[in-house]
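Visitor:
Residue numbers (full-length UniProt numbering): 1 to 283.
#1: For a quick check, are the C-beta atoms of residue 276 and residue 53 less than 8 Å apart?
#2: Could you check where the alpha helix (DSSP H) with residue 143 kicks off and where it finishes?
#3: Determine the DSSP secondary structure at residue 31, reduced to helix, strand or coil.
#4: Helix, strand or coil for residue 263? Go by DSSP, reduced to three states.
#5: Ordered along the chain, which non-local residues of its own chain (more than five positions away) have a Cβ less than 7 Å from that of residue 225?
#6: Between residue 246 and residue 195, is the Cβ-Cβ spacing less than 8 Å?
#7: Of the residues 272, 279, 267, which one's Cα is nearest the Cα of residue 125?
#8: Under a three-way DSSP split, which group does residue 118 fall into?
#9: Give the straight-line distance between the Cα atoms of residue 293 and residue 274, rounded to the nearest whole angstrom.
#10: Check whether the segment 198-206 touches the segment 117-124, taking contact to mean three or more Cβ pairs, one atom from each stretch, closer than 8 Å.
#11: I want to know whether the segment 63-74 touches the segment 144-155 - three or more CB-CB distances under 8 Å.
#12: Between residue 281 and residue 157, is the Cβ-Cβ spacing less than 8 Å?
#13: When the Cα atoms are used, what is the spatial distance from residue 67 to residue 243?
#14: Considering residue 201, what are the terminal residues of the alpha helix (DSSP H) in which it resides?
#15: Any idea which residues DSSP pairs residue 223 with across the strands?
#16: Just curious, the beta strand (DSSP E) that residue 315 is in, first and last residue?
#17: Pick from 209, 106, 236, 159: whose alpha carbon is nearest that of residue 249?
#18: Assuming contact is defined by CB atoms lying nearer than 8 Å, are residue 179 and residue 95 in contact in what I supplied?
#19: In chain order, what residues of the same chain lie with their CB nearer than 6 Å to the CB of residue 91, ignoring the 5 residues before and after it?
#20: What does the Cβ neighbour count give for residue 100, buried or exposed, with the cut at 16 atoms within 10 Å?
#21: Got a sec? Which residues, its chain only, sit under 8 Å from residue 279 by beta carbon, not counting five neighbours each side?
#22: Return the chain-ordered list of same chain residues with a C-beta closer than 6 Å to the C-beta of residue 272, the five sequence neighbours on each side being excluded.
#23: With H, G and I counted as helix, E and B as strand and the rest as coil, what does DSSP make of residue 273?
#24: Starting from the Cα of residue 108, find the closest Cα among 187, 269, 251, 235 and give me that residue.
#25: Tell me the residue span of the beta strand (DSSP E) that contains residue 154.
#26: Who pairs with residue 73 in a beta bridge, going by DSSP?
#27: Output needed for residue 217: all residues of its chain with C-beta closer than 6 Å, excluding positions within five of it in sequence on either side, in chain order.
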C-alpha cells in the first residue's frame, strides 16, 4: 500500500497538534529523491510551500514548472491526463463492498454544497455523471466511476449537511472513515474547500483527521470564480487564511490548487497533477 502524501519531504512528514503527533512515511520507492520545500509566489498573490513531486529536485524547478493557481510542480511522472472514457461502476453502502480490482483511485470529499458533483462533472466533461442537487447531502453512498478503464474517481458523501440527524452524521462518519482506513488502492483524497467563504472549522477538522491518519491529500479550492461580496473577502484571501490555519498542524503543506467548475479554471492542471500521482503509484 502506498501512502503518497507529500513527495516534497525528506523521509518523514510531521503532523502536530495539541493532542497528537506522528510521522508520515514517504513512499518506499527507490527512485524517490529527497527534495525540500521552498516558498514561491503564485498567481493567487501569496506565498506558499511548493509541492515537489518524485523524480525532480528543488533546484530543477522554475516558475514554468509550477501549475498556475497552485503550489504544485510538474515532474517526470506527469503524463497523458486526458479523460477519454468514463462510466459509472457501482454505488456501495459499505466500504467492503467497493470494487476490489486493484485499480488506483482518487476520492473526492468535501462539505455539502461545496460543489463536489459539479467538479466531478467538470473533470469528466459529462453532464450529470455525478448527481447535482440544490439539496445538501444528496450523495449518501460511495460512488465509483471508472476513468479510461484504468483508474477510479470516487464520489464520497458530503459532510456537515445541516438537516441530517445526529444519528445520520455519526453513521456517515464511521462509514466514510472505514473507507479511508482500509482502502489500499487510494492514491489521494481530493479535499474540496469552498474558496468563496472564510475557513470553516469542519473543513479544518476533516483535514486534520486525514493528516493524523496518514491519508494522502490534495486541497482543491472550489468556486474561485466568485467575486468579492459585501464585507467579504476574495477567494485568494480566503485560501490564504485557510493555509495559515493549516500551518498550525502541518509542517509541510500538502498540494493545493484553485478551481472553478463554472469557468473551467484549474481543470486541466488538476488532472495533470493527478496523472503524476497515479503514474508514480502505478509503476
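Idealized CB from N, CA, C, for every residue including glycine.
Keep in mind that this is a model prediction, so the values were computed, not measured.
Guide: This is what the structure holds:
#1: yes
#2: Not the alpha helix (DSSP H): residue 143 falls in the beta strand (DSSP E), residues 142-147.
#3: Only weak support exists for where residue 31 lies, its pLDDT of 29 falling under 50; the coordinates are left without a value.
#4: It is coil, neither helix nor strand.
#5: 260, 262, 263, 265
#6: Their beta carbons are not under 8 Å apart, which means residue 246 does not touch residue 195 by this criterion.
#7: 267
#8: helix
#9: No answer is possible for residue 293: the residues shown for the chain start at 1 and end at 283.
#10: Output reads no: the segment 117-124 does not touch the segment 198-206.
#11: Flag = no, the segment 63-74 and the segment 144-155 do not touch.
#12: no
#13: So the two alpha carbons sit approximately 18 Å from each other.
#14: In this chain, the alpha helix (DSSP H) harbouring residue 201 covers 201-212.
#15: Looking at the DSSP output, residue 223 bridges to nothing.
#16: The question about residue 315 has no answer here: the residues shown for the chain are numbered 1 through 283.
#17: Answer by Cα proximity: 209.
#18: yes
#19: 141, 143
#20: exposed
#21: 77, 78, 79
#22: 78, 81
#23: The answer is helix: DSSP assigns residue 273 an H, G or I state.
#24: Minimum Cα distance to residue 108 is reached at 187.
#25: Counting along the chain, residue 154 sits inside the beta strand (DSSP E) bounded by residues 151-155.
#26: 66
#27: Answer for residue 217: 189, 191, 210, 254, listed in chain order.
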